[in-house]
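Residue numbers for the sequence shown follow my numbering, beginning at 271 and rising by one.
C-beta atoms are modelled at their ideal positions from N, C-alpha and C, and glycine is treated no differently.
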Amino acid sequence: IKVKIRLPKEIGGWFRGRLADPAMDVTSFSANNSLVSVEANPVTVPRMAFLNKISSFTDQEKVWYENFGSMPTADFGRATGPQAGNPEMSFPFIELYRTRVKDTAVGTNTFWNYTTTSWGNGSKCLQDKSKVLGIVTTNALAYDGSSPSFENQTLNYRVSGLHFMPDGVTPVQGSYNLVMRSDVGRCLYGFTNAPVQATISIVGAGDSPIATVITGEKNGWLSLSANGFTFSEKTLQVKFSQEVSAPAPAASPTPTPSAVIKPAAAKKTSITCVKGKTSKKVTAVNPVCPKGYKKK
Numbered sequence: 271i272k273v274k275i276r277l278p279k280e281i282g283g284w285f286r287g288r289l290a291d292p293a294m295d296v297t298s299f300s301a302n303n304s305l306v307s308v309e310a311n312p313v314t315v316p317r318m319a320f321l322n323k324i325s326s327f328t329d330q331e332k333v334w335y336e337n338f339g340s341m342p343t344a345d346f347g348r349a350t351g352p353q354a355g356n357p358e359m360s361f362p363f364i365e366l367y368r369t370r371v372k373d374t375a376v377g378t379n380t381f382w383n384y385t386t387t388s389w390g391n392g393s394k395c396l397q398d399k400s401k402v403l404g405i406v407t408t409n410a411l412a413y414d415g416s417s418p419s420f421e422n423q424t425l426n427y428r429v430s431g432l433h434f435m436p437d438g439v440t441p442v443q444g445s446y447n448l449v450m451r452s453d454v455g456r457c458l459y460g461f462t463n464a465p466v467q468a469t470i471s472i473v474g475a476g477d478s479p480i481a482t483v484i485t486g487e488k489n490g491w492l493s494l495s496a497n498g499f500t501f502s503e504k505t506l507q508v509k510f511s512q513e514v515s516a517p518a519p520a521a522s523p524t525p526t527p528s529a530v531i532k533p534a535a536a537k538k539t540s541i542t543c544v545k546g547k548t549s550k551k552v553t554a555v556n557p558v559c560p561k562g563y564k565k566k
């Protein structure tokens, strides 16, 4: 699916969404508007549900139910929990019910959407709203509500979810995408205009297969993708690097006159040449008798 929209240039900064492998492009449409193009595949997001009697609610469940729950029935209520993009509440909500739902999704939903979001902490490079800086997307059940934060020289983004698909056997395969303006990455690290590379690390509890990581830079945008990791509460860490070309070897210094070594002078020899009663002594490196003379 590809969507192009015209946005006032005042709407910049970061976007978040439920997308897979997004490609983003931003051009100027007019003096006051930008043309923002996003092309991506939809993602499948696991769904969590747990049915429990209201009379059996713990104090924490009562708080969640009163603030986020649906209309109650006679004996049962459904604590729907906080929104996925509110990690401070959704992450502990998932952990409370993880064992009760056997770490298994009850179903799935398919999404294709994106929306504006706030910037992450740690660097002014992430906080420029005068232009679109990037988009972060995931299929996680719960995720950070803002853009990645910059901590300890890495861009950090938290996700959480259930481990198994509805069959209780198939692991949920996580996806994470970050598309960011190249100049933002260079701003974070003080890089030059040379090509930038990036790696993604998955940090958190539980076993996880090695994620497939794809990185690339095209038309002024950096694209990163991590797929195939399993879910618990985890942090995805992106670190950028830049290959610095080795300096050219220094030219050999011109030797000073005192350092110039001159070849040794050739040794001269002398011979005697005769013509009749006349004789001549010839001294040279390679002495030769004059015409008409013979060497004595």
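Within a Cβ cutoff of 8 angstroms, which residues of the same chain sit near residue i, ignoring the five residues on either side of it in sequence?
i	result
P357	A412, Y413, D414, G415, R428 and S430
S388	G283, W284, G415, S416 and S417
E487	S452, P465, V466 and S493
Q423	Y459 and K509
Please look up how many angstroms separate the CB atoms of residue i and residue j, rounded, as I've assumed it's under 8 angstroms.
i	j	result
L432	R370	About 11 angstroms; that fails the 8 angstroms criterion.
L494	A468	5 angstroms
P312	A290	7 angstroms
T407	R288	6 angstroms
T482	V442	The pair is not a contact, with the Cβ atoms about 15 angstroms apart (cut-off 8 angstroms).
F361	E513	Incorrect: roughly 37 angstroms between the Cβ atoms, too far for contact.
A375	Y446	In fact, because the Cβ distance is near 18 angstroms, the residues do not count as touching under 8 angstroms.
Let me know the secondary structure DSSP gives residue i once reduced to three states.
i	result
P357	helix
G455	helix
C543	strand
A529	Here the model assigns A529 a pLDDT of 41, short of 50, so the residue's position is not dependable and the matter cannot be decided.
E331	helix
K550	strand
N337	helix
L321	coil
A349	Note that A349 has pLDDT 49, beneath the 50 cutoff, so the model's placement of it is unreliable and no number is given.
K565	strand
F363	helix
Identify the continuous beta strand (DSSP E) that holds residue i and give its terminal residues.
i	result
M294	A290 to S298
A496	W491 to F499
Y384	N383 to T387
Pull up the DSSP beta-bridge partners for residue i, would you.
i	result
T407	G287 and N447
K504	V429 and G474
I275	V306
E280	In DSSP, E280 forms no bridge with anything.
V558	For V558, which the question treats as bridged, DSSP gives no partner whatsoever.
A412	S430
Apart from the five residues on each side of it in sequence, which residues of its chain come closer than 7 angstroms, Cβ to Cβ, to residue i?
i	result
N302	P278 and K279
S471	Q507
Give every residue of the same chain whose Cβ lies closer than 6 angstroms to the Cβ of residue i, excluding the five residues on either side of it in the sequence, and list them in chain order.
i	result
L448	V406 and L494
S511	Q467
C559	C543 and K565
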